[in-house]
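Each number in this note's numbering comes from the position in the sequence shown (counting from 1) with 1 added on.
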Amino acid sequence: MALSNGFRVMPVSGLARLAGKGAAGSMGLRIGIVGVNFLVMLGLAAWLGLEAFGRLAALWGTGLVVGTLVSVGGPVILLRVLTDGRGLRRADIFRVAVLYPAMLALVAWGFGALIWPALPWLAIMSVGFCVNLLGCLASIMRALGSVHLSMALRDAGPQVALGVAGLVLPEAGVAGILLLCALVMAGFATVGVLWAIPRMQGAQVLARRYRPYLSLSLWATSVTGMVVAQIDLIVGGAVISGEALGVYAVLRRVANLVALPVSVATWVSGPAVSAAKGAGDMAALARASAQGSQIAAWPGLALFGMAVLALPVLPYLFAQTVGAAPGLVLVVLLLGALGQVVLASSFTVATLCGLQRCALAARLLMTGLYLAWFAWWGAELTALTNALGYVGALSLGGFALWWAVWRKLGIDTSATVLWRGKEGQWRTS
């Protein structure tokens, strides 16, 4: 099939092409990372006991939220400015990756200790700071050409560090485990710095002159992205029974596997998107966006089909305690994940091409729509209606962002570009 802007996409041989571009390897690595992270969490639950693990998981989640809050949007900012051909000064890289997050973490530590002194804020802030530092280093490494090592550092580093800490100091308590985890992440960060420094010499990631790089909208987009990722579990969990919420959480994790290729598409196509925008080459931007859609679409469709085949098994695994058949809840969540796959390039293009305010508005719309749905149902909310509200909010917000990018940049960020031409006509060659 040919696209009107001059490049070809061949759905039948899509996966073969991905292998040639290195995306198949990235997909395999991503699947391996998901497996490792899952095994780490299961191992910690068995090693520490469910009560200690529950407290650790709650504080770990708090640390991840804190890491996003103190990040000033660093990982996304660095990925954008280091891949657009103009680069950033060494001092500014240090400020956005280390100095500003450290200052904000110290301030947050003081406020946290004053408002809620019972929590181990030193451990929480240390984890948040180090998780963000690994994210910033991963963006730098990605800008230097590393796809796989940077992905492993960003996505597996924090979980592996937590697993090591829990294994070594199971008797130290949750705070002690988190502190050791932060120390292990600092060691990973040191290795990442030693890898990156010699490769930065002569690379286009460094600039001689100052350029504006801080972006409140990018920062807010990162924070709202985390809110969107967790809101149905946090808010819906306040009403849904514990057993039903547990089943819902498992089904949601299964559905999230369908959207797994989206993160790979973002990581692989991000530098090309940023470079095309920096060069003002809209044709190249369209190609980069379509590449991201291609990377996400075919594996996503395959995973969707596999998940659908598993539906008949669900009644034997779960009791009918979620307000409807578990299979129906999973179908709704799977459709939502498939929608994310179809619009995989939208957030990448918007975030890296100067439309971060549109991305922020889309996530705020998602949050507002879900909260309105929750307010409508109130105490009568079930797992099924929770899934419907969450998927509906994400789908409407995603469609709104796709429309905004199409209108402002003239780029179709949906997977439909893989099958249709500029006028929306089917092509056979």
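Where is the CB? At the ideal position from N, CA and C, for every residue including glycine.
Between Leu145 and Val97 a beta carbon distance of about 16 angstroms is seen, past the 8 angstroms cut, so the two are scored as non-contacting. With respect to Val224, Gly129 sits apart: the two C-beta atoms are not nearer than 8 angstroms.
For the segment 123 to 204, the continuous alpha helix (DSSP H) assignments of 4+ residues that do not extend past its boundaries occur at 149 to 156, 158 to 169 and 174 to 201, in sequence order. Secondary structure note for Arg364: its alpha helix (DSSP H) is the uninterrupted segment Gln357 to Trp378.
Excluding the 5 residues flanking it on each side, Arg87 has same chain C-beta neighbours closer than 7 angstroms at Ala208, Arg212 and Gly279, in chain order. Beta-bridge analysis with DSSP links Leu89 to Leu207. Excluding five sequence positions before and after Ala221, the CB atoms of its chain that fall closer than 7 angstroms to its own CB belong to Leu361, given in chain order. The Cβ atoms of Met186 and Ala153 lie no closer than 8 angstroms to each other. A check of alpha carbon separations from Ser270 across Val192, Leu366, Trp48 and Ile296 identifies Ile296 as the nearest. Boundaries of the alpha helix (DSSP H) harbouring Ser275: Leu261 to Ala280, taken from the DSSP string.
As the crow flies, the alpha-carbon of Ile241 is around 14 angstroms from that of Val330. Assignment of Tyr214 by DSSP, reduced to helix, strand and coil, places it in the coil class. Pro171 and Ala53 have their C-alpha atoms spaced approximately 9 angstroms apart. Three or more beta-carbon pairs separated by less than 8 angstroms are not found between the segment 79 to 86 and the segment 106 to 123, which leaves the two stretches without contact. For Ile78, the enclosing alpha helix (DSSP H) has its first and last residue at Gly75 to Val82. Of the residues Gln341, Val309 and Ala103, the one whose Cα lies closest to the Cα of Thr267 is Gln341.
For the pair Ala303 and Val259, the Cα-to-Cα distance works out to about 8 angstroms.
In the three-state scheme derived from DSSP, where H, G and I count as helix and E and B as strand, Thr414 is classed as coil. The Cβ atoms of Ile178 and Ala166 sit closer than 8 angstroms to each other. Look at the beta carbons and you see the segment 361 to 371 not touching the segment 283 to 291: under three pairs across the two are nearer than 8 angstroms. Following the DSSP letters along the chain, one finds Pro121 in no alpha helix (DSSP H), marked with neither H nor E. By the Cβ rule, the segment 341 to 351 counts as touching the segment 401 to 415, because three or more pairs are nearer than 8 angstroms. Distance from Leu45 to Gly237 at the Cβ level is roughly 25 angstroms; contact not present, criterion being Cβ atoms closer than 8 angstroms. Just measuring C-alpha positions, the residue of Val274, Ala114 and Leu168 sitting nearest Ile412 is Val274.
Boundaries of the alpha helix (DSSP H) harbouring Gly328: Pro327 to Val343, taken from the DSSP string. Annotation: Leu382 to Leu100 spans about 44 angstroms, alpha carbon to alpha carbon. The DSSP-derived three-state label of Thr383 is coil.
The alpha carbon of Leu335 has as its nearest neighbour, out of Thr63, Tyr391 and Asn257, the alpha carbon of Asn257. With respect to the 8 angstroms criterion, Ser127 and Ala139 are not classified as neighbours on the basis of their beta carbons. Per DSSP, Trp299 is one residue of the alpha helix (DSSP H) stretching across Met283 to Leu310. Counting every other CB atom within 10 Å of its CB across the protein chains shown gives Gly36 a total below 16, marking it as exposed. Here DSSP, grouped into helix, strand and coil, assigns Val35 to helix. Here the alpha carbon of Gly74 sits roughly 17 angstroms from the alpha carbon of Thr63. In terms of Cα proximity to Leu315, the closest of Leu252, Gly337 and Gly293 is Leu252.
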